[in-house]
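Read through the structure below, which is laid out as structure tokens, and then see the notes.
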Amino acid sequence: MSGRTRLTGRLPDTVTAWLARGVIVFLYVPIVVVVVLSFNDSDVTYRWAGFSTRWYGVLAQDTDLLSALRVSAEVGVVSATLATAGGLLAAMGMGRLGPRGRALFSGSLFLPLVIPEIVLGVALLSVFGTLKASLGLTTLVLGHLVVTLPYAALIVLGAHRALDPALEEAATDLGCGGWQRFRLVTVPLLKQALLASWLLCFTISFGNIVMSTFTSGVGTTTLPLRVYSLLKTGLTPEINALGTLLVLFTFVIILGAGLRQMRRVLVGDGTD
Amino acid sequence: MSTNPTAPAVRLDRVGKVFGGTHAVRDVTLDIRQNEFFSILGPSGCGKTTLMRMITGFEEPSEGTVELGGVPATGVPAHKRDLNMLFQSYALFPHLSVADNVAFELKVRKLRPRAQIGDAVREALALVRLDGYGDRSVAQLSGGQRQRVAIARALIGRPSLLLLDEPLGALDKKLRAEMQLELKKIQREVGVTFVTVTHDQEEALTMSDRIAVMNGGRVVQVDTPEGVYERPASRFVASFIGTSNFLSGTSDGRVVAVEGLGALPVPEGGAVGEAHLSVRPENVGVCGREDQVPPGHAALRGVLQQSVYLGSAVRHHLTLGDGGTLVAETSSADTAGLTAGGPAWAHWRPEASRVLTE
Chain A
1 MSGRTRLTGR
11 LPDTVTAWLA
21 RGVIVFLYVP
31 IVVVVVLSFN
41 DSDVTYRWAG
51 FSTRWYGVLA
61 QDTDLLSALR
71 VSAEVGVVSA
81 TLATAGGLLA
91 AMGMGRLGPR
101 GRALFSGSLF
111 LPLVIPEIVL
121 GVALLSVFGT
131 LKASLGLTTL
141 VLGHLVVTLP
151 YAALIVLGAH
161 RALDPALEEA
171 ATDLGCGGWQ
181 RFRLVTVPLL
191 KQALLASWLL
201 CFTISFGNIV
211 MSTFTSGVGT
221 TTLPLRVYSL
231 LKTGLTPEIN
241 ALGTLLVLFT
251 FVIILGAGLR
261 QMRRVLVGDG
271 TD
Chain B
273 MSTNPTAPAV
283 RLDRVGKVFG
293 GTHAVRDVTL
303 DIRQNEFFSI
313 LGPSGCGKTT
323 LMRMITGFEE
333 PSEGTVELGG
343 VPATGVPAHK
353 RDLNMLFQSY
363 ALFPHLSVAD
373 NVAFELKVRK
383 LRPRAQIGDA
393 VREALALVRL
403 DGYGDRSVAQ
413 LSGGQRQRVA
423 IARALIGRPS
433 LLLLDEPLGA
443 LDKKLRAEMQ
453 LELKKIQREV
463 GVTFVTVTHD
473 QEEALTMSDR
483 IAVMNGGRVV
493 QVDTPEGVYE
503 RPASRFVASF
513 IGTSNFLSGT
523 SDGRVVAVEG
533 LGALPVPEGG
543 AVGEAHLSVR
553 PENVGVCGRE
563 DQVPPGHAAL
573 RGVLQQSVYL
583 GSAVRHHLTL
593 GDGGTLVAET
603 SSADTAGLTA
613 GGPAWAHWRP
623 EASRVLTE
């Protein structure tokens with residue numbers, strides 16, 4: 001509320017309202033364009049040549065692109081799961097540290113957030129080279145973990161810190177050993193944060209290009225890498241068709257599960 | 273953990289706790305009897321919460337031993353101790369319904385067959401007068417109702433001991449008075465030893481069978497409510513529980529000689545040497561002339577600064593000959609013949625005063 005009164009002191013309400021509308025339009029125009037152009041009966045994406053669904057047929061036959069989609073989905077699921085589990089473990093372990101240990105530990109968890117991803121990619125590639133590890137699904141997942149783990153830790157640690165510590169003590173007091181307390185109280189209380197963390201990590205992994213460039217191997221090209229390489233040979237509305245399907249898929253997930261939780265965890269919006 | 277029914281519910285033997293080089297609790301030796309309503313009373317930071325956490329097992333003592341029902345508790349983890357705790361924040365699980373909160377311990381400890389859990393929950397909710405609330409979510413309850421659910425949850429497994437952390441601190445004043453009586457009633461009904469931790473002296477006085485007063489990590493007095501109020505062991509206890517007037521001087525066992533004020537008779541057999549005479553305001557009478565002082569009373573001449581009307585009593589502030597202040601509380605009828613700024617005599621029965629050396 002105070003932010004609003006402060007702003008109205010500088011700009012008229014109508015101006016800020018139109019600014020807000022402009023930002024929303026700017027955010028969503030590309031998505032609308034992708035959907036519209038996926039029905040374009042033309043060989044190039046930028047020229048409209050009438051309505052057609054033929055690119056969806058082409059997409060269904062494109063084994064290269066579909067296998068890249070599968071790699072991305074697999075890597076996304078595995079790395080989001082591992083990152084969220086890691087974030088949960090970090091949150092649990094944090095309670096056992098003293099104040100200095102806590103500062104050191106959380107600092108080292110969040111440091112990768114401020115290191116440029118390309119530096120992390122180069123570093124990880126050198127590590128894999130030294131270990132003579134062959135690049136493939138495993139290295140991809142490890143690379144994506146480096147990127148996603150800090151986000152998972154940020155979300156789950158924040159949610160865990162916001163819990164009343166008496167809740168876990170009450171579980172102990174009522175007879176729970178460590179594992180029961182974890183299963184019956186800690187995890188259910190963090191359910192929303194875990195879901196938000198998983199969705200965010202999956203999205204980050206699914207769209208990642210920089211880390212994938214360094215850690216993918218032959219036969220494990222991810223979808224973003226595949227699309228990027230298509231830029232050189234020329235993009236067709238097939239990509240738009242794929243994009244439209246992904247947008248549709250995302251909407252289903254968000255409407256089905258996550259929007260409210262995600263907003264609550266990320267923005268701290270308490271409205272129910 | 274099997275316990276001996278004749279042993280004290282809790283026995284603390286020279287218990288101490290050190291945090292980062294300082295003693296939060298020091299040398300506490302204390303027995304809490306079976307089925308007793310016991311209070312640990314002290315100002316914030318006196319170590320009472322730490323003492324309680326050592327009984328629950330959330331903290332291990334650095335020194336001394338804790339026995340529960342005659343069995344040493346050293347090394348017994350918190351979840352295996354035959355006691356429950358009522359948390360100040362209630363700590364109800366927000367992801368569970370009222371009934372599932374109450375049933376939690378029965379399910380975790382497998383104390384009852386599944387088929388009997390429903391009946392046990394109904395019984396426990398009836399005990400706290402929340403019949404029919406089982407299906408509600410915790411978020412739908414008021415503060416007072418949440419506390420009742422927490423009590424039902426803590427008592428359903430019939431622990432030998434219930435620890436209550438500032439049980440009434442989060443309630444408003446009217447509800448607090450109601451819950452004081454209610455807690456006492458529940459304690460009699462279930463026959464469980466209750467140990468509350470509180471900084472509220474009124475709460476401790478009204479609910480407890482016995483009170484341990486703590487200050488600076490030590491237990492300074494253990495007695496009945498009447499005992500700690502009427503016979504405080506130290507200046508700290510006399511001023512922390514209720515209010516007291518203190519007059520410092522030298523005692524010879526029969527009178528305390530206060531410099532600038534004279535000799536005041538005290539109960540026979542008191543301490544000798546440097547001492548404080550302590551007398552409660554409600555035991556002090558005030559009159560306008562020396563010949564009105566009842567025979568045998570200790571009396572002091574002063575100037576009446578002001579009289580404040582309190583409804584059930586009048587509080588008089590007197591300035592004494594040595595510049596000190598004395599407070600007296602009398603029933604409203606006794607104010608005749610007194611004027612602010614005029615002379616006044618404060619007087620009390622010597623038996624109503626105490627000689628304290630600490």
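As given, the protein sequences belong to chains A and B, one line each in that order. Reading the first sequence from the start, the letters are residues 1 to 272 in this note's numbering. Reading the second sequence from the start, the letters are residues 273 to 630 in this note's numbering. Cβ atoms here follow ideal geometry from the backbone N, Cα and C, with glycine treated the same way.
When the options are compared against residue i, the one with the closest alpha-carbon
{"i": "Ser-212/A", "options": "Arg-54/A, Asp-13/A, Ala-83/A, Ala-68/A", "result": "Ala-68/A"}
{"i": "Leu-113/A", "options": "Val-252/A, Arg-54/A, Phe-206/A, Ala-153/A", "result": "Ala-153/A"}
{"i": "Pro-566/B", "options": "Ala-543/B, His-619/B, Arg-552/B, Pro-553/B", "result": "His-619/B"}
{"i": "Thr-611/B", "options": "Glu-623/B, Glu-601/B, Ser-625/B, Leu-590/B", "result": "Leu-590/B"}
{"i": "Glu-475/B", "options": "Arg-507/B, Leu-533/B, Ile-312/B", "result": "Ile-312/B"}
{"i": "His-351/B", "options": "Ala-159/A, Glu-169/A, Leu-140/A", "result": "Glu-169/A"}
{"i": "Phe-518/B", "options": "Gly-404/B, Gly-596/B, Val-500/B, Val-421/B", "result": "Gly-596/B"}
{"i": "Tyr-46/A", "options": "Glu-238/A, Phe-249/A, Leu-255/A, Thr-250/A", "result": "Glu-238/A"}
{"i": "Thr-470/B", "options": "Ser-414/B, Asn-487/B, His-295/B", "result": "Asn-487/B"}
{"i": "Lys-379/B", "options": "Ile-304/B, Ser-316/B, Gly-429/B", "result": "Gly-429/B"}
{"i": "Leu-572/B", "options": "Tyr-581/B, Ser-579/B, Leu-592/B", "result": "Leu-592/B"}
{"i": "Lys-320/B", "options": "Val-485/B, Gly-574/B, Val-462/B", "result": "Val-485/B"}
{"i": "Pro-553/B", "options": "Arg-587/B, Ser-409/B, Asp-563/B, Ser-432/B", "result": "Arg-587/B"}
{"i": "Arg-279/A", "options": "Gly-243/A, Ala-90/A, Thr-14/A", "result": "Only positions 1 to 272 of chain A appear in the structure, and residue 279/A is not among them; the question remains open."}
{"i": "Leu-434/B", "options": "Gly-560/B, Phe-310/B, Asp-472/B", "result": "Phe-310/B"}
Run of the alpha helix (DSSP H) containing residue i, from where it starts to where it stops
{"i": "Ile-423/B", "result": "415-427"}
{"i": "Asp-495/B", "result": "From DSSP, Asp-495/B is part of no alpha helix (DSSP H) but of the beta strand (DSSP E) over 490-495."}
{"i": "Ser-108/A", "result": "99-110"}
{"i": "Gly-93/A", "result": "63-94"}
Residue i (DSSP reduced to helix, strand or coil)
{"i": "Asp-269/A", "result": "Low per-residue confidence applies at Asp-269/A: pLDDT is 46, beneath 50, and the placement is therefore not dependable, though the value from the model is reported in the following sentence. Here Asp-269/A sits in coil by DSSP."}
{"i": "Ile-483/B", "result": "strand"}
{"i": "Ile-513/B", "result": "coil"}
{"i": "Thr-236/A", "result": "coil"}
{"i": "Val-33/A", "result": "helix"}
{"i": "Ser-126/A", "result": "helix"}
{"i": "Val-544/B", "result": "strand"}
{"i": "Ser-369/B", "result": "strand"}
{"i": "Pro-385/B", "result": "coil"}
{"i": "Ile-209/A", "result": "coil"}
{"i": "Phe-330/B", "result": "coil"}
{"i": "Ser-2/A", "result": "Any answer about Ser-2/A is weak, because its pLDDT of 45 lies below 50 and its placement is not dependable; what the coordinates show is given next. Reduced to three states, the DSSP call for Ser-2/A is helix."}
{"i": "Ser-409/B", "result": "strand"}
{"i": "Val-627/B", "result": "strand"}
{"i": "Asp-303/B", "result": "strand"}
{"i": "Arg-573/B", "result": "strand"}
{"i": "Pro-553/B", "result": "helix"}
{"i": "Ala-171/A", "result": "helix"}
{"i": "Leu-519/B", "result": "strand"}
{"i": "Ile-115/A", "result": "coil"}
{"i": "Met-273/B", "result": "Any reading at Met-273/B needs caution, since the residue's pLDDT is 49, under 50, leaving its predicted position unreliable; the model's value is listed next. Coil, per DSSP."}
{"i": "Val-218/A", "result": "coil"}
Distance between beta carbons of residue j and residue i, contact taken as under 8 Å
{"i": "Thr-236/A", "j": "Asp-43/A", "result": "6 Å"}
{"i": "Leu-157/A", "j": "Ser-108/A", "result": "Incorrect: roughly 13 Å between the Cβ atoms, too far for contact."}
{"i": "Gly-342/B", "j": "Arg-286/B", "result": "With 8 Å as the limit, Gly-342/B and Arg-286/B do not qualify as a contact, their Cβ atoms being about 17 Å apart."}
{"i": "Val-338/B", "j": "Gly-489/B", "result": "Rounded, the Cβ-Cβ distance is 16 Å, inconsistent with contact."}
{"i": "Ala-442/B", "j": "Gln-577/B", "result": "At roughly 38 Å, the Cβ-Cβ gap does not stay under 8 Å, so Ala-442/B and Gln-577/B are not in contact."}
{"i": "Val-393/B", "j": "Val-374/B", "result": "5 Å"}
{"i": "Pro-439/B", "j": "Leu-358/B", "result": "6 Å"}
{"i": "Gly-416/B", "j": "Leu-447/B", "result": "5 Å"}
{"i": "Pro-622/B", "j": "Pro-539/B", "result": "6 Å"}
{"i": "Leu-436/B", "j": "Val-462/B", "result": "At roughly 13 Å, the Cβ-Cβ gap does not stay under 8 Å, so Leu-436/B and Val-462/B are not in contact."}
{"i": "Asp-481/B", "j": "Glu-308/B", "result": "5 Å"}
{"i": "Tyr-228/A", "j": "Ile-253/A", "result": "Not quite, the Cβ-Cβ distance comes to about 24 Å (not below 8 Å), so this is no contact."}
Range covered by the beta strand (DSSP E) that runs through residue i
{"i": "Val-558/B", "result": "557-559"}
{"i": "Pro-615/B", "result": "615-620"}
{"i": "Arg-283/B", "result": "282-291"}
{"i": "Glu-339/B", "result": "335-340"}
{"i": "Gly-534/B", "result": "534-537"}
{"i": "Thr-591/B", "result": "586-592"}
Near the ligand ZN: residue i beta-carbon under 7 Å from a heavy atom
{"i": "Arg-408/B", "result": "By its list of ligands, the structure shown contains no ligand whatsoever, and the ligand ZN lies outside what it can speak to."}
Any chain D beta carbon closer than 8 Å to residue i
{"i": "Phe-466/B", "result": "This model lacks chain D altogether; the protein chains it does include are A and B."}
Three CB pairs or more closer than 8 Å across the region 31-41 of chain A and the region 215-225 of chain A:
In this structure the region 31-41 of chain A does not touch the region 215-225 of chain A; the number of beta carbon pairs closer than 8 Å is below three.
Count Cβ pairs between the region 196-204 of chain A and the region 79-90 of chain A that sit closer than 8 Å; are there 3 or more?
Using a Cβ-Cβ distance cut-off of 8 Å, the region 196-204 of chain A and the region 79-90 of chain A are in contact, since at least three pairs of beta carbons, one from each stretch, lie closer than that value.
Across the region 392-402 of chain B and the region 421-437 of chain B, are there enough close Cβ pairs to call them in contact, namely three or more that are closer than 8 Å?
Verdict: yes, contact present.
Any chance the region 541-555 of chain B sits against the region 505-522 of chain B, with 3 or more Cβ pairs inside 8 Å?
With three or more CB-CB distances shorter than 8 Å, the region 541-555 of chain B counts as touching the region 505-522 of chain B.
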